[in-house]
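First to last, the sequence lines map onto chains E and P.
If you read the first sequence in numbering that gives the first Met the number 0, its first letter stands for residue 0, the second for the next number, and so on.
If you read the second sequence in numbering that gives the first Met the number 0, its first letter stands for residue 0, the second for the next number, and so on.
Notes for the one structure printed next.
2 protein chains.
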Amino acid sequence: MSKAITPTLRGTRAQEDYLEQILTLIENKGYARVVDIAHNLGIAQASVTGMIQRMDADGLVAYEKYRGVILTEAGEEIAREIVRRHESLVEFFALFGLDEHSIYDDIEGIEHHMSQPILAAIQALTGELERQPALLERVKKKIAGCA
Amino acid sequence: MSKAITPTLRGTRAQEDYLEQILTLIENKGYARVVDIAHNLGIAQASVTGMIQRMDADGLVAYEKYRGVILTEAGEEIAREIVRRHESLVEFFALFGLDEHSIYDDIEGIEHHMSQPILAAIQALTGELERQPALLERVKKKIAGCA
DNA sequence: AATATAAGTTAGTTGAGACTATATTTTGAT
DNA sequence: ATCAAAATATAGTCTCAACTAACTTATATT
Ligand SMILES: [Mn+2]
Ligand SMILES: [Mn+2]
Ligand SMILES: [Mn+2]
Ligand SMILES: [Mn+2]
Numbered sequence: 000m001s002k003a004i005t006p007t008l009r010g011t012r013a014q015e016d017y018l019e020q021i022l023t024l025i026e027n028k029g030y031a032r033v034v035d036i037a038h039n040l041g042i043a044q045a046s047v048t049g050m051i052q053r054m055d056a057d058g059l060v061a062y063e064k065y066r067g068v069i070l071t072e073a074g075e076e077i078a079r080e081i082v083r084r085h086e087s088l089v090e091f092f093a094l095f096g097l098d099e100h101s102i103y104d105d106i107e108g109i110e111h112h113m114s115q116p117i118l119a120a121i122q123a124l125t126g127e128l129e130r131q132p133a134l135l136e137r138v139k140k141k142i143a144g145c146a
Numbered sequence: 000m001s002k003a004i005t006p007t008l009r010g011t012r013a014q015e016d017y018l019e020q021i022l023t024l025i026e027n028k029g030y031a032r033v034v035d036i037a038h039n040l041g042i043a044q045a046s047v048t049g050m051i052q053r054m055d056a057d058g059l060v061a062y063e064k065y066r067g068v069i070l071t072e073a074g075e076e077i078a079r080e081i082v083r084r085h086e087s088l089v090e091f092f093a094l095f096g097l098d099e100h101s102i103y104d105d106i107e108g109i110e111h112h113m114s115q116p117i118l119a120a121i122q123a124l125t126g127e128l129e130r131q132p133a134l135l136e137r138v139k140k141k142i143a144g145c146a
């Protein structure tokens, strides 16, 4: 009997982005307000309210009108997974001198498409490359040529 | 005067997937029929007709009713770019023993989120790693542990 | 040439996820 | 306690991209 596979995407891409923001806000400020979620994701407040209601229906957050949002267990699990993938990507691309800010949009997209084997490969490679500064230098040189 | 930056995504993600399929079909069979596009993308024929009409309006393909589709210059350029990204990803992940089939869905997603610097990094790293079998072996060992 | 089947199109519907404008609730300052 | 401002919610609209069912055109077989 094999373990159940974990699909790449749990909830929609948009929902994963909301969960990521909500977790980050809760960890940074203790709570997640609609206005901050909207600001961080660059969308209108009303859109956030609507999405939060859908996510409540899906069991990803617990929502009470005018009272704010918290993550359910299911929601928090997904949120932590996404944050982990995001961070793994930042760490990986930082090796080559790509800074977090300039590739933010790419990482926001890629993080939703990393099944276990790909995540493991990136993380393992990151670990090994951290001990190969010479190799990294050569890669950086090549990248510079493609600018 | 700097060159115009090329955005990561030209057309929508769905459109990029259509363009990729259309180019592949044209190169493999000489033409791209609605029925084959639909089959390869796993969607209904009627949906393909609808999308092709939108893409014609956007100048990505040239469409005549009942006569099939061809790519415009703009469409072909995007299509080749996507295929290139897809192939780069396959080549990269193959290094670690991940087979194309099992990570197909991930690559289908990631290919839409690779701006120049990320593409260059992946390609440069692939080139260097091809000369580092010992390093690859270590990475593979680590990945095996995460299964 | 007639006709069956395959391919393609149209029409109408759905759902996600965004938007604006408006209404309501909460909160903070007086 | 009152009232203004900030936060949140509702209502209604929009676009994209899918779907099914029904219709039309192309093609292949006899
Ligand atoms: Mn992220
Ligand atoms: Mn994201
Ligand atoms: Mn692809
Ligand atoms: Mn794709």
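No residue lacks a Cβ here, since even glycine has one placed at the ideal position from N, Cα and C.
The structure displayed is predicted, hence computed values, not measured ones.
Bridge pairing for E/Ala31: E/Val68 [DSSP].
Shortest gap from the CB of P/Ile81 to any heavy atom of ligand 4: under 8 Å.
Chain P has no Cβ within less than 9 Å of the Cβ of E/Met54.
Between P/Ser114 and E/Ile102, the C-beta spacing is below 9 Å. Spatial neighbours of P/Ala13 in its own chain (CB-CB distance under 8 Å, excluding positions within 5 residues in sequence) are listed in chain order as Met50.
Between P/Gly74 and P/Leu128, the CB-CB gap reaches or exceeds 9 Å. At a cut-off of 9 Å between C-beta atoms, E/Ser114 counts as an interface residue with respect to chain P.
Comparing alpha carbon positions, the residue from P/Thr71, P/Lys141, P/Gly126 and P/Ile25 closest to P/Leu88 is P/Gly126. C-alpha of P/Leu40 to C-alpha of P/Tyr62: approximately 19 Å in a straight line. Look at E/Ala120: its C-beta is under 9 Å from a C-beta on chain P.
Cβ contact annotation for P/Val47 (same chain, cutoff 6 Å, sequence separation greater than five): Val33, Ile36 and Ala37, in chain order. Going by C-alpha positions, E/Arg9 is about 26 Å away from P/Phe95.
Of the heavy atoms belonging to ligand 4, none sits nearer than 8 Å to the Cβ of E/Asp105. Across the set E/Tyr65, E/Glu107, E/Ala43 and E/Glu76, the C-alpha of E/Glu76 shows the shortest separation from the C-alpha of E/Gly58. Any Cβ of chain E closer than 9 Å to the Cβ of P/Lys28 would place that residue at the interface, and such an atom is absent.
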